[in-house]
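A.B. asks: Numbering (our numbering), first residue to last: 36 to 418.
(1) Where does residue 294 land, buried or exposed, given buried means 16+ other C-beta within 10 angstroms?
(2) Following the continuous alpha helix (DSSP H) through residue 390, name the residue where it begins and the one where it ends.
(3) In the DSSP assignment, what are the bridge partners of residue 80?
(4) Check whether the Cβ atoms of residue 260 and residue 104 lie closer than 8 Å to each other.
(5) Using the C-alpha atoms, what's the distance from residue 291 back to residue 285?
(6) I need the boundaries of the alpha helix (DSSP H) containing residue 118, first residue and last residue.
(7) Whose C-beta lies closer than 7 Å to the C-beta of residue 45 among residues of the same chain, with five residues either side of it excluded?
(8) Going along the chain, which residues of its own chain have a beta-carbon closer than 6 Å to the beta-carbon of residue 229, five neighbours each way excluded?
(9) Could you spell out the range, first to last residue, of the beta strand (DSSP E) harbouring residue 326?
(10) Just to confirm, are residue 182 and residue 156 a CB contact at a threshold of 8 Å?
(11) Following the continuous alpha helix (DSSP H) through residue 191, name the residue where it begins and the one where it ends.
(12) To the nearest angstrom, how far is the alpha carbon of residue 322 from that of residue 65?
(13) Along the chain, where does the beta strand (DSSP E) that runs through residue 133 open and close?
(14) What are the boundary residues of the alpha helix (DSSP H) that residue 344 is part of?
(15) Any contact of the stretch 120 to 130 with the stretch 346 to 363, i.e. 3+ C-beta pairs under 8 Å?
(16) Quick one: complete beta strand (DSSP E) runs, 3+ long, within the stretch 188 to 262?
(17) On a CA-only basis, which of 81, 199, 197, 245 is nearest residue 215? Give me that one, please.
(18) What separation, rounded to the nearest whole angstrom, lies between the Cα atoms of residue 41 and residue 176?
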């Protein structure tokens with residue numbers, strides 16, 4: 036499970052990789068492969084979360100995916116080839132198994148976890164947990180993190196958010212979390228906040244304490260394609276910022292629950308279309324992270340609008356990582372020329388973490404050069 040006898044990289048190796056990543060950031064040329072690669076292994080989903088850009092019941096009719104698209108999954112053979120390519124490139128420390136839907140709909144997920152663990156690579160799974168075979172999952176001997184989508188801690192609110200098509204969805208979640216607790220495994224809870232669940236912020240902290248959450252991650256929902264229907268009202272936004280958030284932070288401190296509420300607070304501005312002030316912290320994902328879809332499209336980050344190219348037998352992920360077209364995207368970000376969707380960055384907190392780290396270790400001039408200096412208007416004009 037979380038403690039592993041698998042051949043994980045030593046602290047010295049990790050420190051060396053971190054130095055190489057920072058050197059690459061300063062040169063604006065990667066000196067090692069990505070630290071984390073996100074694999075979409077299933078497009079389909081067993082829920083219809085109201086904030087989801089692929090499965091929400093609120094999607095505009097012109098953007099609803101086809102049934103054929105929803106059935107697509109990543110075969111194990113494709114995953115294995117990608118993993119081997121990344122290991123040859125060097126620098127990989129962690130993979131994320133997720134999808135445009137629910138990764139446990141892909142029955143090969145357990146083999147994927149085992150393959151990564153045998154290679155000494157940590158695994159994070161983003162899941163609603165309902166379909167997971169918990170004992171089988173925990174049997175793999177390697178570093179494992181579960182980012183469990185909760186998004187509601189009462190049956191009524193959970194059902195409203197997830198629009199689960201079958202009865203007992205919330206009860207199944209409680210049973211699964213209970214199994215993890217009994218096994219001594221501490222998942223991270225993910226709470227995506229919208230107008231349906233915002234009033235449960237304090238209860239979400241208490242729920243995390245009850246189920247021994249390792250950490251609670253809060254995220255203001257990024258809304259588009261019709262999902263704006265479940266956004267926060269102006270009154271809810273004010274109450275969240277001025278009342279609910281301070282009370283939740285106080286309750287977390289009282290219960291000893293780790294959260295990212297301080298970072299979450301930076302997402303709560305007056306503009307509902309801007310959940311991530313990316314120009315204030317910079318973007319470093321072009322050196323640290325990439326995403327591969329079921330169809331083997333390589334994405335620069337978690338933003339599906341920023342595509343690098345298609346992985347093929349003639350053009351591997353390793354080839355793309357060093358390709359001038361990939362570098363052109365890094366150059367754009369370094370110049371402060373952000374992409375459509377960056378104002379709702381899904382990796383804002385990871386960028387914030389690296390921004391704070393670099394700000395503390397670099398001279399002011401060197402740090403400023405990493406950010407680019409795009410104004411908000413420049414970001415919006417590229418939408």
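Where is the CB? At the ideal position from N, CA and C, for every residue including glycine.
On a predicted model such as this, the values are computed, not experimentally measured, just so you know.
C.D. replies: The short version:
(1) Per the 10 Å Cβ criterion, buried.
(2) Residue 390 -> alpha helix (DSSP H) spans 383 to 396.
(3) None, per the DSSP bridge assignment.
(4) Taking 8 Å as the cut-off, the Cβ atoms of residue 260 and residue 104 do not count as close.
(5) Spanning the two alpha carbons is a distance of roughly 10 Å.
(6) 111 to 124 is the extent of the alpha helix (DSSP H) around residue 118.
(7) Nothing meets the Cβ criterion.
(8) The beta carbon of residue 229 sits closer than 6 Å to the beta carbons of 86, 256, 265 from its chain, once the five residues preceding and following it are set aside; these are given in chain order.
(9) Note, residue 326: beta strand (DSSP E), 324 to 327.
(10) Going by C-beta atoms, residue 182 is not nearer than 8 Å to residue 156.
(11) Where residue 191 is concerned, the enclosing alpha helix (DSSP H) stretches over 190 to 197.
(12) Straight-line Cα distance between these residues: approximately 6 Å.
(13) Element bounds for residue 133: 129 to 133.
(14) Annotation for residue 344: no alpha helix (DSSP H) segment contains it, though the beta strand (DSSP E) segment containing it runs 342 to 345.
(15) Yes: at least three Cβ pairs fall under 8 Å.
(16) Taking only runs of at least 3 residues, the beta strand (DSSP E) segments lying wholly in the stretch 188 to 262 are 223 to 228, 250 to 255.
(17) For residue 215, the nearest C-alpha among the options comes from 245.
(18) For residue 41, the predicted model reports a pLDDT of 44, less than 50, meaning its position is unreliable and no value from the coordinates is stated.
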